[in-house]
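K.L.:
Take a look at this one; I'll ask things after.
Numbering (UniProt numbering), first residue to last: 1 to 305.
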């Protein structure tokens with residue numbers, strides 16, 4: 001493999017990892033603060049993608065499409081927290097899983113009823129449709145670089161929110177002892193709604209950004225949700241830093257594995273066999289990574305017991 005191709009694949013892995021971070025950050029916030037297993041988080045990713053495609057189709061503006069995705073996903077998150085999730089905090093995890101799985105079905109059928117069963121497409125803005133020349137003569141799509149930049153800015157904003165604001169203090173305190181902050185006068189119900197809406201908005205943003213490089217379709221959030229759960233297990237439940245590090249590890253492992261493993265096996269297998277074996281192992285590589293991390297750090301890289 002040439003150095004240029006390797007660097008391109010590293011950038012692809014970073015872009016994939018950043019998208020997973022946007023999903024996993026909201027998921028780990030919700031689980032860390034509320035103790036809630038939310039299987040419907042992938043549906044909020046789908047809501048953001050469909051909202052962005054719809055707004056872009058109506059207005060022709062990609063910026064308005066992103067704003068619409070954030071607003072739609074946050075609103076959907078706030079509504080389901082108020083109507084459904086609020087009743088699940090004191091229930092066991094099985095009830096949470098069943099209720100949020102039901103929400104997946106509701107969101108999927110509602111989206112199919114509103115938009116139909118055929119995929120929608122969100123165009124990359126014309127200004128970002130071409131490549132950017134990086135040092136070393138590498139040409140890389142400008143839009144994918146934008147995704148990486150947006151993800152890093154969001155990560156920095158989340159770290160600042162959690163570490164340096166009053167809301168962040170309340171979120172961290174709610175994660176540690178929700179009864180105590182309630183006794184100190186913090187409206188825990190409003191805090192939970194805010195956290196859930198924030199997590200939903202992050203998922204919606206991820207869906208909107210990905211919608212421009214793949215088709216927008218019903219059920220698109222569930223495969224990403226599985227990877228997001230892998231990310232928070234690797235990084236540590238409740239840790240934003242862990243979500244970022246875990247997402248980058250998963251993105252790089254998946255992307256580089258899909259390229260390097262077939263090349264490795266091609267040295268002693270036929271091309272077709274090497275491709276098949278390499279693809280199979282690359283699909284397993286992120287779960288092997290997760291098992292390896294848990295073997296040495298059962299709480300994840302940055303999790304607490």
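We put the beta carbon where it would ideally sit given N, CA and C, even for glycine.
Let's see if you can read the secondary structure: which residues bound the alpha helix (DSSP H) around residue 234?
P.N.:
Residue mapping note: residue 234 aligns to position 234 of the chain shown, counting from 1. Unbroken alpha helix (DSSP H) run through residue 234: 221 to 235.
K.L.:
With DSSP as the reference, label residue 152 as helix, strand or coil.
P.N.:
Stepping through the chain shown from its first residue, residue 152 is reached at position 152. Residue 152 falls in the helix class under three-state DSSP.
K.L.:
Report yes if the CB atom of residue 300 is closer than 9 Å to the CB atom of residue 234, and no otherwise.
P.N.:
Counting from 1 along the chain shown, the entry for residue 300 is found at position 300. Counting from 1 along the chain shown, the entry for residue 234 is found at position 234. A contact, by the Cβ cut-off of 9 Å.
K.L.:
What do you reckon, is the C-beta of residue 55 under 8 Å from a heavy atom of the ligand MG?
P.N.:
Annotation note on the ligand MG: not contained in the displayed structure, which lists no ligands.
K.L.:
Can you give me the C-alpha to C-alpha distance between residue 43 and residue 181, rounded to a whole angstrom?
P.N.:
By 1-based counting over the chain shown, the position of residue 43 is 43. By 1-based counting over the chain shown, the position of residue 181 is 181. Approximately 31 Å, taken between the alpha carbons.
K.L.:
Buried or exposed: residue 99, going by 16 or more other Cβ atoms within 10 Å of its Cβ?
P.N.:
As a working mapping, residue 99 is identified with position 99 in the chain shown. Buried.
K.L.:
Are residue 220 and residue 207 closer than 9 Å when you measure CB to CB?
P.N.:
The residue you call residue 220 lines up with position 220 of the chain shown. The residue you call residue 207 lines up with position 207 of the chain shown. Yes. Within cutoff.
K.L.:
Report the rounded CA-to-CA distance for residue 196 versus residue 72, giving the unit in angstroms.
P.N.:
Numbered from its first residue, the chain shown carries residue 196 at position 196. Numbered from its first residue, the chain shown carries residue 72 at position 72. Going by the C-alpha atoms only, they are around 13 Å apart.
K.L.:
Roughly how many whole angstroms lie between the Cα atoms of residue 86 and residue 213?
P.N.:
If you number the chain shown from 1, residue 86 lands on position 86. If you number the chain shown from 1, residue 213 lands on position 213. Straight-line Cα distance between these residues: approximately 35 Å.
K.L.:
So residue 105 packs on residue 84, CB below 8 Å; how close in whole Å?
P.N.:
Indexing the chain shown from 1 puts residue 105 at position 105. Indexing the chain shown from 1 puts residue 84 at position 84. That belief does not hold up - the Cβ atoms of residue 105 and residue 84 are roughly 13 Å apart, past 8 Å.
K.L.:
Throw me the rounded Cβ distance for the residue 191 and residue 13 pair, which I believe falls under 8 Å.
P.N.:
Stepping through the chain shown from its first residue, residue 191 is reached at position 191. Stepping through the chain shown from its first residue, residue 13 is reached at position 13. With a Cβ gap of about 35 Å, residue 191 and residue 13 do not count as contacting.
K.L.:
Would you kindly check if the distance between the Cβ of residue 64 and the Cβ of residue 150 is under 9 Å?
P.N.:
For the purposes of this step, residue 150 is taken as the residue at position 150 of the chain shown. For the purposes of this step, residue 64 is taken as the residue at position 64 of the chain shown. In this structure, residue 64 does not lie closer than 9 Å to residue 150 by Cβ.
K.L.:
According to DSSP, what are the bridge partners of residue 216?
P.N.:
Working through the chain shown from its first residue, we reach residue 216 at position 216. Paired residue(s): 120.
K.L.:
Quick one: residues in its chain with C-beta nearer than 6 Å to the C-beta of residue 293, no 5 flanking neighbours on either side, listed in chain order?
P.N.:
On the chain shown, residue 293 is found 293 positions in, with the first residue counted as 1. Same-chain partners within the cutoff: 234.
K.L.:
May I ask which residues mark the beginning and end of the beta strand (DSSP E) holding residue 37?
P.N.:
Position 37 of the chain shown, counted from the first residue, corresponds to residue 37. Note, residue 37: premise wrong, no beta strand (DSSP E); not H, not E.
K.L.:
So, with DSSP's three-state summary, where would you put residue 143?
P.N.:
The count along the chain shown starts at 1 and reaches residue 143 at position 143. Helix, per DSSP.
K.L.:
Determine the direct distance from the alpha carbon of residue 267 to that of residue 251, and round the result to whole angstroms.
P.N.:
Here residue 251 refers to the residue found at position 251 when the chain shown is read from its first residue. Here residue 267 refers to the residue found at position 267 when the chain shown is read from its first residue. Between residue 251 and residue 267, the C-alpha separation is close to 25 Å.
K.L.:
Is the Cβ-Cβ distance between residue 286 and residue 28 less than 9 Å?
P.N.:
Position 286 of the chain shown, counting from 1, holds the residue named residue 286. Position 28 of the chain shown, counting from 1, holds the residue named residue 28. In this structure, residue 28 does not lie closer than 9 Å to residue 286 by Cβ.
K.L.:
Pop quiz: residue 262 and residue 278 are said to be a contact at Cβ under 8 Å. What is the actual Cβ separation, rounded to whole angstroms?
P.N.:
Working through the chain shown from its first residue, we reach residue 262 at position 262. Working through the chain shown from its first residue, we reach residue 278 at position 278. Rounded, the Cβ-Cβ distance is 3 Å, consistent with contact.
K.L.:
In the DSSP assignment, what are the bridge partners of residue 133?
P.N.:
For the purposes of this step, residue 133 is taken as the residue at position 133 of the chain shown. According to DSSP, which records beta bridges pairwise, residue 133 is partnered with 139.
K.L.:
For residue 306, which residues from the same chain have a beta carbon less than 8 Å from its beta carbon, with the 5 sequence-adjacent residues on both sides left out?
P.N.:
Limits of the chain in this structure are 1 at one end and 305 at the other, which puts residue 306 out of reach.
K.L.:
Might you give, ordered along the chain, the residues of its own chain that have their beta carbon closer than 6 Å to the beta carbon of residue 199, omitting 5 neighbours on each side?
P.N.:
Taking the chain shown and counting its residues from 1, one reaches residue 199 at position 199. So the qualifying residues of the chain are 26, 29 and 30.
K.L.:
Given a cut-off of 9 Å, decide if residue 41 and residue 228 are closer than it, judged by their beta-carbon atoms.
P.N.:
Stepping through the chain shown from its first residue, residue 228 is reached at position 228. Stepping through the chain shown from its first residue, residue 41 is reached at position 41. Closer than 9 Å, so yes.
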